Amino acid sequence: MRSNQSKAAHHHKGSHRLLWRASLLVLTTHACTTDRVPASLERQHTINRVRTLSSSNISNGRPVEFNLDQVAALRASIATEKDPTSHKVLTFLHAFVNRQFVEQGTRDLERDIQALRTSPVGLDNLTLSLANATKFLATQSDPKQRRRFAEAVSPSLADLEPLLKIRDRHIADRARELALPDGLALAGVVRNYDVREAANVASALLKTSDALYLESLRDLVRVDGTLPLEEVGRPDIPWLLRGTANIEADRLLAAVHATVMLLDIPLTCLDRFVHLPEPIHPWDLPRSQTQDILHAAGHSLHQCGCRAPAFELCHLGDRSVAEAFAVLLEGLLTEPTWLQEQLGMEEPQLTIHLHQAALARLLTARLHAARVLDEVDRYGRNAAQAKKLYAAHMSRALGVSFAPGDAEHYENDRDPFIDSADSLRGHIIAAQIQTELITRFGDSWWRLPAAGDFLKELWLTGQRDTAEELLARLGDAGNDDIGENHAQPILNPEPLVRWTATRLIRQVPAATLPF
1281 MRSNQSKAAH HHKGSHRLLW RASLLVLTTH ACTTDRVPAS LERQHTINRV RTLSSSNISN
1341 GRPVEFNLDQ VAALRASIAT EKDPTSHKVL TFLHAFVNRQ FVEQGTRDLE RDIQALRTSP
1401 VGLDNLTLSL ANATKFLATQ SDPKQRRRFA EAVSPSLADL EPLLKIRDRH IADRARELAL
1461 PDGLALAGVV RNYDVREAAN VASALLKTSD ALYLESLRDL VRVDGTLPLE EVGRPDIPWL
1521 LRGTANIEAD RLLAAVHATV MLLDIPLTCL DRFVHLPEPI HPWDLPRSQT QDILHAAGHS
1581 LHQCGCRAPA FELCHLGDRS VAEAFAVLLE GLLTEPTWLQ EQLGMEEPQL TIHLHQAALA
1641 RLLTARLHAA RVLDEVDRYG RNAAQAKKLY AAHMSRALGV SFAPGDAEHY ENDRDPFIDS
1701 ADSLRGHIIA AQIQTELITR FGDSWWRLPA AGDFLKELWL TGQRDTAEEL LARLGDAGND
1761 DIGENHAQPI LNPEPLVRWT ATRLIRQVPA ATLPF
């Protein structure tokens, strides 16, 4: 008969709590040295407290307070840590605490900002808001009505700017308290990778996809027929790229469950969907409930599959890796056989949906790329220069010219921690994983338990691996005909662009699109 102690150990086997305790023992062992035991023990006590608070925040979503002494303790431990796994744990924790330290002073301000974003904007007899701006624009076939609404939300955008500037000043002040020169350096610490290198990836994506995107946009404009290409503006993009699939939640969840079972993944992994944050960029393409359910399911499966020996390795590492698996599952909405078999989608809706969904996915990645470039380029510029840069980056991503007022409220599109870099990298990684899945298992990879085993192997490490390390494990997935000493980057946007091209209708006939 088992002792009470062994029963308890068995009960908690595989839980994050046991993994946390095990990793805590590793960290304690490595932190203590013979020549500075008291200082090391004091520092370790601080780190243990930080880990407890962070774990509580991740599991319960409760706000926690951090201070500079805790940041300093983490920095000192990182500098002396020799064990690679413990070093990653400390580094990820340090990034998390830095962001929390900066954000804890703006919680009330963020609530005020969100309240303004959801406050009503009157247009005729409609009650709208910034939060649902593009959802409304996607329903308006009349370009004049779209422009009227863009003008109607302008005062709300102006009202937000003072609050956003206060937030920016607070972030800059906190960055200096953390001994960082500016918000760009802070973003690099929070992201745990070089954001300037992310800007290089952003430039590569835009350059690689410009021709395909612009050609496809011209086709949509031609078929729509309400505006010449030179008059198409930012308010018209949500209409041109509106989704065609409106799938009931129950039916979609049944399809997700069926797919998870085909992949031989435990359905219990879907017991708790990951909460998705509210969108903060007013001109992003509108997201459907269908997209959000699949995206959240991708996050849930990835987290469920993590077996890394510390919660930091499962939850606080390279966020672009987590985004990749969410985008991968959301990508089922662009898999024709999945749409036919699981959702019963038929022609001509299938071809129409694939065209618009693929182009919208590419544009979403392009918008993330533009924001990364905008945030990196804006440092050291005055307001007039920043406004001009914003217009250049965003108009290129959208493929349209900006009207004189389009960049007036550019502060509303700020991304101070450059979270868009994670989203951009996630889209690129997802396409490379998707390419590898198709290469190994065929177009209907989602039917095969072997593909599920392949994904589960990738999920084991959670967010421990960087994007580059994950792709190295794939053997540079998606980088065709590249040798061991290849010159191309591992984060290669070409698979995303090639994949998009396979889903697009070239020279779209007017009879096929529902304009």
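So the mapping is simple: the working numbering equals the position in the sequence shown, first residue as 1, plus 1280. Positions of the beta carbon are idealized from the N, C-alpha and C atoms, including for glycine. These numbers were taken from a predicted model, which means no experiment stands behind them.
Below 8 Å, too few C-beta pairs join the segment 1573-1587 and the segment 1359-1368 to call them touching: fewer than three. Residue nearest to residue 1686 within the set 1703, 1668 and 1600 is 1668 (criterion: CA-CA distance). Its chain contains 1656 as the residues whose beta carbon lies nearer than 7 Å to that of residue 1476, once the 5 sequence neighbours on both sides are disregarded; these appear in chain order. Counted as a single uninterrupted DSSP element, the stretch harbouring residue 1679 is not any alpha helix (DSSP H), since DSSP gives it neither H nor E.
Scanning 1348, 1599, 1676 and 1636 for the CA closest to the CA of residue 1500 turns up 1636. Below 8 Å, enough C-beta pairs join the segment 1529-1540 and the segment 1613-1631 to call them touching: three or more.
The Cβ neighbour count for residue 1782, taken over all protein chains shown within 10 Å, is under 16; the residue is labelled exposed. Non-local C-beta neighbours of residue 1575 in its own chain, meaning closer than 6 Å and more than five positions away in sequence, comprise 1606 and 1610, ordered along the chain.
The secondary-structure analysis by DSSP pairs residue 1408 across a beta bridge with 1401. By the Cβ rule, the segment 1465-1473 counts as touching the segment 1692-1700, because three or more pairs are nearer than 8 Å.
Annotated as distal: residue 1726 and residue 1419, with beta-carbon spacing of 8 Å or more. Excluding the 5 residues flanking it on each side, residue 1626 has same chain C-beta neighbours closer than 8 Å at 1620, in chain order.
About 13 Å separates the beta carbons of residue 1770 and residue 1604, which is beyond the 8 Å limit, so they are not a contact pair. Taking all protein chains in view, the Cβ of residue 1457 is surrounded by fewer than 16 other Cβ atoms within 10 Å, so the residue is classified as exposed. By the 16-neighbour rule on beta-carbons within 10 angstroms, residue 1599 is buried.
Around the beta carbon of residue 1693, 16 or more other beta carbons sit within 10 angstroms, so the residue counts as buried. Taking the Cβ atoms as the reference, residue 1443 lies roughly 6 Å from residue 1392, within the contact range of under 8 Å. Between residue 1519 and residue 1408, the C-beta spacing is not below 8 Å. The beta carbons of residue 1566 and residue 1414 sit closer together than 8 Å.
By the Cβ rule, the segment 1368-1383 counts as touching the segment 1325-1338, because three or more pairs are nearer than 8 Å. In the same chain as residue 1580, and ignoring 5 residues on each side of it, the C-beta atoms closer than 7 Å to its own belong to 1549, 1550, 1552, 1553 and 1554, in chain order. The Cβ-Cβ distance between residue 1389 and residue 1447 falls below 8 Å.
According to the DSSP assignment, residue 1541 belongs to the alpha helix (DSSP H) that extends over 1529-1542. If you draw a 10 Å sphere on the C-beta of residue 1737, you find fewer than 16 other C-beta atoms in it, and that means exposed. For the pair of segments examined, the segment 1640-1648 was found to touch the segment 1674-1685: the number of CB pairs separated by less than 8 Å reaches three. In this structure, DSSP gives residue 1445 a helical state, which the three-state scheme calls helix. Shown here for residue 1423: same chain residues with a beta carbon closer than 7 Å to its own, the five before and five after excluded, namely 1506, 1507 and 1516 in chain order. Between residue 1528 and residue 1596, the alpha-carbon positions lie close to 33 Å from each other. Between residue 1591 and residue 1335 a beta carbon distance of about 5 Å is seen, short of the 8 Å cut, so the two are scored as contacting.
A straight line joining the alpha-carbon of residue 1434 with that of residue 1704 spans about 28 Å. Listed in chain order, the alpha helix (DSSP H) runs fully inside the segment 1407-1441 are 1413-1417 and 1423-1432, counting runs of at least 4 residues. Between the alpha carbons of residue 1719 and residue 1374 lies a distance of about 38 Å.
If you draw a straight line from the Cα of residue 1344 to the Cα of residue 1380, it comes to about 8 Å. Between residue 1348 and residue 1493, the C-beta spacing is not below 8 Å. Contact between residue 1638 and residue 1614 is confirmed by a C-beta separation of about 5 Å, below the 8 Å threshold.
When only Cα atoms are considered, residue 1363 and residue 1449 end up about 38 Å apart.
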